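Everything below concerns the one structure shown next.
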Amino acid sequence: MRALVTTGGADPVVAFAEVVEPDPAPGEAVVAVSAAGLNRGELTVAAAVPAGSRLGWDVAGVVERAAADGSGPAGGTRVLGLAGRDGFAERVAVPTGHLAVLPDTVPDTAGAALPVAGLTALYALRHAGWLLGRTVLVTGAGGGVGRVVVQLAAAAGARVLAQVGGAGRGDGLEKLGASVVGQYGDDLAEPVDVLLDSVGGSTLELAFQAVAADGVVVSFGNTTREPLRLPLDWGRLRPGVSLRSLYLFQETRRQPVGRDLVTLAGLVAQGRLDPQVALTAPFASSGPAWQALRDRQVNGKVVLTL
Ligand SMILES: NC(=O)c1ccc[n+]([C@@H]2O[C@H](COP(=O)([O-])OP(=O)(O)OC[C@H]3O[C@@H](n4cnc5c(N)ncnc54)[C@H](OP(=O)(O)O)[C@@H]3O)[C@@H](O)[C@H]2O)c1
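See below:
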């Protein structure tokens, strides 16, 4: 079969090459992949691993071979799932606990956009706690995770302030539930109960200054790759603020994510969540899509298709 493997270079980052078939463990189903979400984290991983490495966390497709231990969906079932690192392939073995049935009305591309972005948004909001009536500031709000955070926070009853890096990057965010769409460092006229940051660096430092006493800060990314900075004397100036970090693959070690994927896919099926697929590209010629994501040109998710 064929799969995307890293080239060791930057252009293209990956090539579509022959690889060995998956060898599923008893609790894994083999999924024939039709679509696979591309995440910013995979850009980082691709640049760090040796040439010939496999990638791919988010998949949607059809169960080609059910798990040998009898768990999970039957052969022929449409699914979405969180694969290990091998999802950019024609077939991949996925632990059945990390699979969910894809509702008939949800396209494969939408399903493939959900696992990492949707679960990260969901768990970041769980870390934040009660949202009804609270004011939530989201940085990096125009990206794949950010656009889901905005929707879920608004659906949970929060007033959402969305911040992006420039004109056009926040297109559509008001329709998704943001009350205010602005840029990093904007002077906010109101205190913020919850800050959800994935940009880091000076953006986090500035956003932190808007957090009210006893507020919650959840850091789930560091896209700028700058050191995470907090304002001097923040503990005295913002008493009671709690800082939390989220690492999705720590969450997945604690519990299978299939149940949460059912929730996310169900919200999409009900028209209550839009995973914001902004760019699709075939596996065989996905180089420009990787580049566009790296260059901050995608207002939402990139999904690769087979
Ligand atoms: N903790 C976890 O387990 C976990 C899981 C998933 C993702 N993440 C992290 O969360 C972040 C968001 O992920 P994503 O998949 O949503 O990425 P994405 O779609 O690329 O969105 C990232 C957003 O960050 C903004 N940004 C600010 N400074 C940037 C810079 N210097 N370079 C590039 N973008 C910049 C961009 O919007 P503007 O152009 O408007 O600024 C972009 O919309 C990433 O850092 C990712 O690694 C962490």
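For what it's worth, my numbering labels the leading residue of the sequence shown as 1256, then goes sequentially.
Glycine included, C-beta positions come from ideal geometry on N, C-alpha and C.
As the structure is a prediction and not an experimental result, all values here were calculated from the model.
Tell me whether Val1496 sits in a helix, a strand or coil according to DSSP, three-state version.
The DSSP-derived three-state label of Val1496 is coil.
Following a CB-centred definition, is Leu1501 positioned closer than 6 angstroms to any heavy atom of ligand 1?
yes
In the DSSP output, which residue or residues are listed as bridge partners for Lys1430?
In DSSP, Lys1430 forms no bridge with anything.
Can you list, in chain order, the residues of its chain with a C-beta nearer than 7 angstroms to that of Ser1485? Leave out the 5 residues immediately preceding and following it.
Inspection of the sequence shows that residue 1485 is occupied by Leu rather than by Ser. So the list reads Glu1460 and Phe1463, once near-sequence residues are dropped.
Would you check if the distance between the CB atom of Arg1389 and the CB atom of Val1317 is smaller than 7 angstroms?
no
Going by C-alpha to C-alpha distance, which of Phe1475, Thr1364, Leu1431 and Ala1468 sits closest to Val1415?
Selection Phe1475, Thr1364, Leu1431 and Ala1468 evaluated against Val1415 yields Leu1431 as nearest (Cα-Cα).
Could you tell me the distance, in whole angstroms, from the CA atom of Gly1437 to the CA atom of Gln1418?
5 angstroms
Would you be able to state if there are at least three C-beta pairs under 8 angstroms between the segment 1502-1521 and the segment 1534-1541?
no
Span of the alpha helix (DSSP H) around Ser1457:
Gly1456 to Phe1463
Please report how far the alpha carbon of Gly1490 lies from the alpha carbon of Leu1548, in whole angstroms.
Cα-Cα distance, rounded: 36 angstroms.
Rounded to the nearest angstrom, what separates Gly1421 and Ala1396 at their Cα positions?
11 angstroms
Please say whether Asp1341 and Arg1309 have beta carbons closer to each other than 7 angstroms?
Yes, the Cβ-Cβ distance between Arg1309 and Asp1341 is below 7 angstroms.
Between Arg1424 and ligand 1, is the CB less than 6 angstroms from at least one heavy atom?
In this structure, the C-beta of Arg1424 approaches ligand 1 to less than 6 angstroms from one of its heavy atoms.
Leaving aside the five residues before and after Gly1560 along the sequence, list all residues of the same chain whose C-beta is less than 6 angstroms from its C-beta, in chain order.
As written in the sequence, residue 1560 is Thr, which differs from the Gly given in the question. Only Ala1290, Thr1535 and Pro1537 meet the Cβ criterion.
Cβ atoms of Thr1351 and Ala1284: under 7 angstroms apart, would you say?
yes
Do you know offhand how far Gly1263's Cα is from Gly1307's?
7 angstroms
Count the C-beta pairs between the segment 1293-1303 and the segment 1327-1335 that are closer than 8 angstroms, then say yes if the count reaches three, no if not.
no
With Pro1370 and Leu1407 assumed to form a contact (beta carbons below 8 angstroms), what rounded beta-carbon distance in angstroms separates them?
That pair is no contact at about 15 angstroms.
Thinking just about the alpha-carbon of each residue, which of Arg1257, Tyr1502 and Leu1335 is nearest to the one in Leu1380?
That would be Tyr1502, whose Cα lies nearest to the Cα of Leu1380.
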